[in-house]
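Numbering (our numbering), first residue to last: 5 to 349.
The beta-carbon is built from N, C-alpha and C at its ideal position, and this holds for glycine as well.
Fair warning: this is a prediction, and the values are worked out from it, not measured in the lab.
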């Protein structure tokens with residue numbers, strides 16, 4: 005998991021950095037954070053991928069409105085990124101050399117199959133040196149480390165809080181019992197009319213001999229799902245008579261008796277089963293714990309960013325005021341690797 009997540013961030017960063025071109029200070033300015041200038045060109049480049057994914061059926065006006073919103077959100081993220089880095093510098097913290105080298109090696113592996121010279125050539129084509137790329141990578145890792153320290157670490161959700169949340173949202177977490185059945189349906193007035201008992205006995209003999217139920221369903225069944233081996237998919241409610249038969253079966257077992265419902269005879273096999281739950285079990289508790297942790301992270305993040313806005317000079321020139329994005333939206337989810345490398349001052 006650790007290395008997979010490292011690769012994901014490394015690839016994302018590499019793709020963004022390699023896609024960017026150099027800009028001049030003649031570009032229109034959108035924000036100044038400390039001494040860092042953020043230009044319209046930078047934001048346009050950073051938002052390009054998200055903009056490319058907009059639905060094609062938007063009207064020109066809708067498309068323009070979505071573009072504006074995406075770029076405003078991108079600018080907000082860029083400002084917050086710079087604020088966090090300013091705080092990292094103010095703390096006189098450092099990115100461990102080993103952490104930086106691990107991430108750089110993974111980026112080179114993914115982008116150039118581990119060939120450093122080839123990777124440097126890719127950077128050269130984008131007017132970027134390896135040192136410039138490494139500096140940008142180091143800055144991202146600095147932000148990641150500080151976010152982990154201020155937002156993600158030390159969160160503990162007590163059991164009573166989990167239980168209280170479950171009681172308040174019990175309906176959401178209640179799990180219905182589910183059955184997955186395979187059936188062979190023989191219609192009383194169908195092609196086996198007049199010989200249903202014999203046909204059922206023949207099918208059971210073949211099942212006893214080890215032939216697959218689904219293969220026999222394809223051959224004999226007159227039901228709508230015959231071509232699918234009689235598979236009925238997942239079902240949460242069953243006919244009372246059918247339930248009386250199914251509840252006695254173990255997964256993989258076929259009913260011992262033929263079931264008569266309406267104008268048909270059914271042979272039934274329980275393919276799979278999910279036991280329902282209307283109490284707090286470990287799986288549900290884990291989901292609730294993670295949800296509450298995320299809520300805590302979001303609250304910490306917004307509080308942290310608000311403190312940074314009050315501490316450092318920010319000038320935004322797109323007509324928006326902070327906070328623009330919905331409260332609780334985290335800029336970047338720090339990687340598990342940050343647990344290993346803590347802030348050093």
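May I ask you to list the residues that DSSP assigns as paired with residue i?
i: residue 43; result: 33
i: residue 53; result: Bridge partners of residue 53: none, in fact.
i: residue 264; result: 269
i: residue 281; result: 179
How would you write the range of the alpha helix (DSSP H) that residue i sits in, first residue to last?
i: residue 239; result: No alpha helix (DSSP H) contains residue 239, which is instead part of the beta strand (DSSP E) from 235-239.
i: residue 318; result: Per DSSP, residue 318 belongs to no alpha helix (DSSP H); it is in the beta strand (DSSP E), 318-320.
i: residue 312; result: 286-315
i: residue 58; result: Segment: none, residue 58 is in no alpha helix (DSSP H) and carries neither H nor E.
i: residue 147; result: 134-151
i: residue 154; result: Unbroken run through residue 154: none, as it is neither H nor E.
i: residue 161; result: Neither: residue 161 is in no alpha helix (DSSP H) and is coded neither H nor E.
i: residue 78; result: 64-94
Express the C-alpha separation of residue j and residue i in angstroms, rounding to a whole number.
i: residue 98; j: residue 159; result: 24 Å
i: residue 26; j: residue 146; result: Bear in mind that a pLDDT of 36 at residue 26, under 50, signals an unreliable position, so the number given afterwards is only what the model happens to contain. So the two alpha carbons sit approximately 23 Å from each other.
i: residue 17; j: residue 45; result: Note on residue 17: pLDDT 44, under 50, position unreliable in the model; the coordinate value appears next. Going by the C-alpha atoms only, they are around 18 Å apart.
i: residue 79; j: residue 155; result: 21 Å
i: residue 285; j: residue 167; result: 10 Å
i: residue 274; j: residue 172; result: 35 Å
i: residue 251; j: residue 226; result: 24 Å
i: residue 180; j: residue 211; result: 31 Å
i: residue 36; j: residue 295; result: 35 Å
i: residue 308; j: residue 318; result: 15 Å
i: residue 113; j: residue 123; result: 9 Å
i: residue 279; j: residue 185; result: 14 Å
i: residue 348; j: residue 143; result: At residue 348, the pLDDT of 45 sits below 50, so the modelled position is not reliable and the matter cannot be decided from this model.
i: residue 229; j: residue 235; result: 6 Å
i: residue 81; j: residue 65; result: 25 Å
i: residue 232; j: residue 219; result: 9 Å
i: residue 131; j: residue 100; result: 27 Å
i: residue 57; j: residue 108; result: 28 Å
i: residue 267; j: residue 242; result: 17 Å
i: residue 197; j: residue 221; result: 17 Å
i: residue 253; j: residue 310; result: 59 Å
i: residue 34; j: residue 115; result: 31 Å
i: residue 305; j: residue 161; result: 17 Å
i: residue 263; j: residue 281; result: 28 Å
i: residue 169; j: residue 276; result: 31 Å
i: residue 291; j: residue 298; result: 11 Å
i: residue 110; j: residue 118; result: 8 Å
i: residue 321; j: residue 40; result: 14 Å
i: residue 129; j: residue 55; result: 25 Å
i: residue 208; j: residue 216; result: 11 Å
i: residue 28; j: residue 76; result: With a pLDDT of only 40 at residue 28, under the threshold of 50, the placement of this residue in the model should not be trusted; the figure read from the coordinates follows. If you take the alpha carbons of residue 28 and residue 76, they lie about 21 Å apart.
i: residue 102; j: residue 140; result: 16 Å
i: residue 202; j: residue 259; result: 17 Å
i: residue 164; j: residue 293; result: 11 Å
i: residue 126; j: residue 138; result: 14 Å
i: residue 93; j: residue 59; result: 41 Å
i: residue 84; j: residue 91; result: 11 Å
i: residue 63; j: residue 133; result: 42 Å
i: residue 176; j: residue 302; result: 22 Å
i: residue 157; j: residue 150; result: 10 Å
i: residue 287; j: residue 174; result: 14 Å
Using CA coordinates, which residue listed in the options is at the minimum distance from residue i?
i: residue 200; options: 104, 224, 183 and 185; result: 224
i: residue 152; options: 317, 300, 319 and 314; result: 300
i: residue 48; options: 100, 119 and 32; result: 32
i: residue 238; options: 190, 232, 183 and 256; result: 183
i: residue 315; options: 262, 70 and 86; result: 86
i: residue 193; options: 320, 102 and 269; result: 269
i: residue 289; options: 178, 55 and 69; result: 178
i: residue 271; options: 203, 283, 245 and 188; result: 188
i: residue 74; options: 261, 62, 51 and 169; result: 51
i: residue 244; options: 257, 256, 265 and 258; result: 265
i: residue 312; options: 303, 88 and 96; result: 88
i: residue 104; options: 135, 61 and 42; result: 135
With a threshold of 7 Å between beta-carbons, can residue i be considered close to chain C, or not?
i: residue 254; result: The structure shown has no chain C; it contains just one protein chain.
On the DSSP letters alone, give me the boundaries of the beta strand (DSSP E) that residue i sits inside.
i: residue 270; result: 268-278
i: residue 257; result: Looking at the DSSP string, residue 257 is not in any beta strand (DSSP E), and its letter there is neither H nor E.
Problem - Within the region 171-249, ranges of the beta strand (DSSP E) (whole runs, at least 3 residues) - result: Whole beta strand (DSSP E) segments, 3+ residues: 182-191 and 235-239.
Handout entry: Segments assigned alpha helix (DSSP H), at least 4 residues, entirely inside the region 97-129
Key = Within the region 97-129, the complete alpha helix (DSSP H) runs of at least 4 residues are 101-116 and 120-129.
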